[in-house]
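Residue numbers (the UniProt record's numbering): 1 to 371. Ideal Cβ positions, reconstructed from N, Cα and C, are used throughout, including at glycine. All figures in this text were calculated on a predicted structure; none of them were measured in a lab. Structure first, commentary second.
Okay, here's the thing in structure tokens:
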């Protein structure tokens, strides 16, 4: 018996060296990788209460260990309902079948309104060409090309006449005097069509008036006053262009007045309030432009003969009616007047001299008054 106990003791000592915790009957501590591999063989108790403090009996023999099961390699972390919904939406939107369907619908809409789109593209190109050409001719002052300005007048007239001739049955010219054109129904596309065509025609008329001002010789209207004339014409044009769309939108909002009169009154009232605010702002701008047109603006004083240099820094030629700014720099009166139609600072030192020069260079607004 002693031999058996001695052999058993020595065997236990050897086994304790290979198996940790055998003497105290505790579970051996396995490495992380081994623990994950034996999760299916061992009983794992998940703490659903989320108590992170160990209890008093955690180290007791035979006590169950409380662990949280980590996600296995290759498994995704749990996704909340919001994240899952976003992923599903991204998958739907990225579906090639949906993209192809949207392209088909867009192509169908463009095909149905292809004539109108081509007309607007043509009007936009015509406007951009004549607007840029007029600005260049105004900048040339006395070297402007009078035949080119006359050709612009002719081209603008025929462009407007061509549009009204092609769509004669619609009688779009009535929109210029706030009358209703000939359409069976007034849907959204019809209102946009009539308002857009009318606005482009009014822009052509505005450019034509500016061409007439540019054709006037300097003895009739000086360069300094021409810039203010361009400003006045532009502000008057923008004020008038706010009015033709009003009858169109009122008719659109009141198509079903018999059955939806409350909604018709609400939409019409909201539109008229917003339109009145825009019209008031344009009216103030026109008033200021008229005040500048009929007032004499002096950018500086006439310098002494000993202060005048050899040539004007702008035109690089002999001085013509030299004027000295408050920053002591001297220029030709017409040269610096044309400069202040585009800038508000001195060409030499960038000191602020003039007010906002917008629209004094002969340009016309690109914005289309659809509403």
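- About 6 Å separates the beta carbons of residue 138 and residue 214, which is inside the 8 Å limit, making them a contact pair.
- About 12 Å separates the beta carbon of residue 326 from that of residue 348, a gap too long to meet the 8 Å contact definition.
- In this chain, the beta strand (DSSP E) harbouring residue 322 covers 322 to 325.
- Comparing C-alpha distances from residue 206 to each of 180, 223 and 236 shows the shortest one belongs to 236.
- For residue 332, the enclosing beta strand (DSSP E) begins and ends at 330 to 332.
- Membership of residue 272 in the alpha helix (DSSP H) is indicated by the continuous run 261 to 293.
- Per the DSSP secondary-structure output, residue 300 pairs in a beta bridge with 325.
- Looking at the backbone, the Cα of residue 366 and that of residue 204 are separated by about 12 Å.
- For residue 292 against residue 228, the beta-carbon gap comes to about 5 Å, under 8 Å, which counts as contact.
- Shown here for residue 181: same chain residues with a beta carbon closer than 7 Å to its own, the five before and five after excluded, namely 170, 171, 172, 174, 175 and 194 in chain order.
- Residue 143 sits exposed, since fewer than 16 C-beta atoms from the chains shown fall within 10 Å of its C-beta.
- For residue 129, the uninterrupted alpha helix (DSSP H) run begins and ends at 114 to 139, by DSSP.
- Take residue 252, set aside five residues on each side of it, and the residues of its chain with a beta-carbon closer than 6 Å to its own are 186 and 191, in chain order.
- When DSSP states are grouped into helix, strand and coil, residue 345 belongs to the strand group.
- Counting along the chain, residue 197 sits inside the alpha helix (DSSP H) bounded by residues 188 to 215.
- Within the same chain, Cβ atoms closer than 6 Å to the Cβ of residue 127 are found at 203, the five residues on either side in sequence being excluded.
- Looking from the CA of residue 189, the closest CA among 116, 217 and 296 belongs to 116.
- Residue 210 places its beta carbon less than 7 Å from that of residue 362.
- In the DSSP assignment, residue 352 forms a beta bridge with 345.
- Residues of the same chain with a CB within less than 6 Å of the CB of residue 267, apart from the 5 flanking positions on each side, are 253 in chain order.
- Just so you know, the alpha carbons of residue 350 and residue 260 end up roughly 60 Å apart.
- Going by DSSP, residue 224 is part of the alpha helix (DSSP H) stretching over 223 to 241.
- Nearest Cα to residue 345 within the set 310, 299, 307 and 369: 299.
- Counting along the chain, residue 147 sits inside the alpha helix (DSSP H) bounded by residues 146 to 166.
- Residue burial is scored here from C-beta neighbours: residue 364 has at least 16 other C-beta atoms within 10 angstroms and is therefore classed as buried.
- 247 is the residue among 294, 316 and 247 whose C-alpha sits nearest the C-alpha of residue 275.
- With contacts defined by Cβ atoms closer than 7 Å, residue 314 and residue 335 form a contacting pair.
- Counting the other Cβ atoms within 10 Å of the Cβ of residue 163 gives 16 or more, which makes it buried.
- Distance from the Cα of residue 200 is smallest, within the candidate group 318, 359 and 157, for 157.
- Here residue 257 carries a coil assignment [DSSP, helix/strand/coil].
- Cβ atoms of residue 153 and residue 208 come within 8 Å of each other, at about 6 Å.
- The Cβ atoms of residue 287 and residue 239 do not sit closer than 7 Å to each other.
- Check the Cα spacing between residue 360 and each of 370, 225, 312 and 272: the tightest is with 225.
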